[in-house]
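J.:
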């Protein structure tokens, strides 16, 4: 009996030992499981951080894409503005060249105008001088000329102007020596009037 009990007790002790072992293994297992849980928590945090990093990277990529598009747009606008600036610069240079040419022509025209004015003034002085000389010559030539108006001429008779004048001087003015006066040229001025016979 005692042996049996001992055996039982041994069995029970061995069983208890095994339970202890199991319980110890269970503790170890529980301990291992708790370690893996903490590791899982840490890995979850890492995954969430990685997810956040991926989201940030995606957003940064979107921002970079937008910036690249904006850079392309700005480059196009700058190129367009540069082309317009170049066009305006060429137009400005062309306009300045034309203005310079016009100024040169204007200066030349002003020089010519001044030269022509000097020549005109000289010609005007010469014309006035010639006119004065002509008048002086006419006056000198006519210093002994006489113009007599309203001498009656008989109609139907063609007389020499000298005879008519000498007759007028004798009869109307009483100059007996009218024949002796030196008369260089005598001629009628204008046409004869048939109504009263006056030249």
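In the working numbering, the protein residues as written are 1422 to 1620. Ideal placement from N, C-alpha and C gives every residue a C-beta, glycine not left out. Fair warning: this is a prediction, and the values are worked out from it, not measured in the lab.
Return helix, strand or coil for residue 1605, following the three-state DSSP convention.
T.: Position 184 of the chain shown, counted from the start, is the residue given in the question as residue 1605. Coil at residue 1605, not helix or strand.
J.: Checking 9 angstroms against the spacing of the C-beta atoms, do residue 1610 and residue 1563 come in under that value?
T.: To locate residue 1610, count along the chain shown from 1; it is residue 189. To locate residue 1563, count along the chain shown from 1; it is residue 142. No; because the gap between Cβ atoms is not below 9 angstroms, this pair is not in contact.
J.: On the DSSP letters alone, give me the boundaries of the alpha helix (DSSP H) that residue 1584 sits inside.
T.: Position 163 of the chain shown, counted from the start, is the residue given in the question as residue 1584. Where residue 1584 is concerned, the enclosing alpha helix (DSSP H) stretches over 1582-1592.
J.: Excluding the 5 residues preceding and the 5 following residue 1506 in the sequence, name in chain order all residues of the same chain whose CB lies nearer than 6 angstroms to its CB.
T.: Residue 1506 sits at position 85 when you count from the first residue of the chain shown. Closer than 6 angstroms at the Cβ level, and outside the excluded window around residue 1506, lies no residue.
J.: Going by C-alpha distance, which of 1565, 1589, 1572 and 1595 is nearest residue 1605?
T.: Locating residue 1605 in the chain shown gives position 184, counting from the first residue. Closest option to residue 1605, Cα to Cα, is 1565.
J.: In whole angstroms, what is the alpha-carbon distance linking residue 1445 and residue 1465?
T.: Taking the first residue of the chain shown as 1, we reach residue 1445 at position 24. Taking the first residue of the chain shown as 1, we reach residue 1465 at position 44. The predicted position of residue 1445 is uncertain, since its pLDDT is 44 and thus under 50; a value taken from the coordinates is nonetheless stated next. So the two alpha carbons sit approximately 29 angstroms from each other.
J.: Should residue 1408 be labelled buried (16 or more other beta-carbon atoms within 10 Å of its own) or exposed?
T.: Within the shown structure, residues of the chain are numbered from 1422 to 1620, placing residue 1408 beyond reach of any answer.
J.: For residue 1502, count the other beta carbons within 10 Å of its own beta carbon; 16 or more makes it buried, fewer makes it exposed. Which is it?
T.: What you label residue 1502 is simply residue 81 of the chain shown in a count that begins at 1. Under this definition residue 1502 is an exposed residue.
J.: When the Cα atoms are used, what is the spatial distance from residue 1519 to residue 1498?
T.: If you number the chain shown from 1, residue 1519 lands on position 98. If you number the chain shown from 1, residue 1498 lands on position 77. Going by the C-alpha atoms only, they are around 31 angstroms apart.
J.: What did DSSP end up calling residue 1573 once you bin it into helix, strand or coil?
T.: To locate residue 1573, count along the chain shown from 1; it is residue 152. It is coil, neither helix nor strand.
J.: Would you call residue 1590 buried or exposed, if buried means 16 or more other Cβ atoms sit within 10 Å of its Cβ?
T.: Here residue 1590 corresponds to residue number 169 of the chain shown, with the count starting at 1. The residue in question, residue 1590, is buried, as its Cβ has 16 or more Cβ neighbours within 10 Å.
J.: Would you identify the three-state DSSP class for residue 1506, choosing helix, strand or coil?
T.: Here residue 1506 corresponds to residue number 85 of the chain shown, with the count starting at 1. Residue 1506: helix per DSSP, three-state reduction.
J.: Is residue 1600 helix, strand or coil by DSSP?
T.: Residue mapping note: residue 1600 aligns to position 179 of the chain shown, counting from 1. Looking at residue 1600 - three-state DSSP - the assignment turns out to be helix.
J.: What runs of the alpha helix (DSSP H), each 4 residues or longer, lie entirely inside the segment 1469-1514?
T.: Listed in chain order, there is nothing to give.
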